[in-house]
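Encoded as structure tokens, the structure appears first; notes follow it.
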């Protein structure tokens, strides 16, 4: 793993800043379940699923889920936008992880409530490209 | 780049109010902008930056993707269906290209 010179890498502070930019205060670490491997042999394609423990009908529903990683060149991974028609605030994708790091998912509900989940993934071969 | 062809798996039938799972995949290199070619020059970023799922013309699930999403981006998600209709899926490329697919579902 070699960093590209001149590029600032993401860290915990960058992730915290992105979270505060989205939801204001740091939300409690609960309500968002992240499913990621504990050890990823290949950082180029790490499976990720998440589910937010909140209803998706009526007045209150999960609007946005932002996924961040604190050890990649940039903390941004993806932002998922849901509606009551989504039925379930859950989704899966695959992401690149440049090395061992924390993956964080922050959910914001339509009433402003925020929740968060966090999981560390140990990466044996980083997804830096090459 | 090879022809870009989206693939979608969605059920053809459901009962009213059912929450169905939809799985999508599209072949795309998701060039991150972080890599260099053999001369040491940076390879420009080119990714799918947005995915939109709609049902009968109403958007119900969208994703903003960053370069940290793997090549050949895979997305699975859910939809609550109340009536028969058509899902449409669109992928937006950094170069302005838009890739589309659609699936019909019978709800009874």
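Chains as they are written, first to last, in the working numbering: chain U, 1 to 130; chain D, 1 to 108. Note that beta-carbon positions come from the ideal geometry of N, C-alpha and C, so glycine has one too.
Next on the checklist: Here's a check: name, in chain order, each residue in its chain whose Cβ is nearer than 6 angstroms to the Cβ of residue 45(U), leaving out the five neighbours to either side.
Outcome noted: Within the first chain, numbered from 1, the residue matching residue 45(U) stands at position 45. Correct list, in chain order: 94.
Checklist entry - Does any CB atom of chain U fall closer than 9 angstroms to the CB of residue 110(D)? => result The displayed coordinates of chain D run from 1 to 108. Any statement about residue 110(D) would go beyond what the structure contains.
Checklist entry - Does DSSP put residue 86(U) in a helix, in a strand, or in coil? => result Looking up residue 86(U) in the first chain gives position 86. DSSP places residue 86(U) in helix when its eight states are reduced to three.
Checklist entry - In the DSSP assignment, what residue or residues form a beta bridge with residue 113(U)? => result Locating residue 113(U) in the first chain gives position 113, where the first residue counts as 1. The partner list for residue 113(U) (beta bridge, DSSP) is empty, contrary to what the question assumes.
Item to check | 9 angstroms Cβ cutoff met for residue 17(D) and residue 82(D) | outcome: Position 17 of the second chain holds residue 17(D). Position 82 of the second chain holds residue 82(D). It is a contact, given that the beta carbons lie within the stated cut-off.
Checklist entry - How would you label residue 130(U), buried or exposed, when you count the other beta carbons within 10 angstroms and need 16 or more for buried? => result In the first chain, counting from the first residue as 1, residue 130(U) sits at position 130. Only weak support exists for where residue 130(U) lies, its pLDDT of 41 falling under 50; the value from the coordinates is given anyway. Classification of residue 130(U): exposed, given that the 10 Å Cβ count is below 16.
Item to check | Whole-angstrom distance between residue 118(U) and residue 61(D), CA atom to CA atom | outcome: Here residue 61(D) refers to the residue found at position 61 when the second chain is read from its first residue. Here residue 118(U) refers to the residue found at position 118 when the first chain is read from its first residue. Cα to Cα, residue 61(D) sits roughly 23 angstroms from residue 118(U).
Checklist entry - Taking the runs of the beta strand (DSSP E) that are 3 residues or longer, which of them lie wholly in the stretch 62-97 of chain D? => result 74-81, 85-93
Checklist entry - What residues in the stretch 62-80 of chain U have a beta carbon less than 8 angstroms from any beta carbon of chain D? => result 69, 72, 73, 74, 76, 77, 78, 79, 80
Checklist entry - How would you list, in chain order, the residues of chain U whose beta-carbon sits under 9 angstroms from the beta-carbon of residue 109(D)? => result Since the first and last residues shown for chain D are 1 and 108, residue 109(D) lies out of range.
Item to check | Sub-9 angstroms separation of residue 39(U) and residue 113(U) beta-carbons | outcome: Taking the first chain and counting its residues from 1, the one referred to as residue 39(U) is at position 39. Taking the first chain and counting its residues from 1, the one referred to as residue 113(U) is at position 113. No, Cβ-Cβ distance for residue 39(U) and residue 113(U) is not below 9 angstroms.
Item to check | is_contact[residue 1(U), chain D] using C-beta, thresh 9 angstroms | outcome: Taking the first residue of the first chain as position 1, residue 1(U) is located at position 1. With a pLDDT of only 48 at residue 1(U), under the threshold of 50, the placement of this residue in the model should not be trusted, and no figure is reported.
Checklist entry - Who does residue 45(U) pair with in a DSSP beta bridge? => result Walking along the first chain from the start, residue 45(U) turns up at place 45. DSSP output for residue 45(U) lists no bridge partner at all.
Checklist entry - How about the stretch 24-42 of chain D and the stretch 45-59 of chain U: do they share at least three Cβ pairs that are nearer than 8 angstroms? => result no
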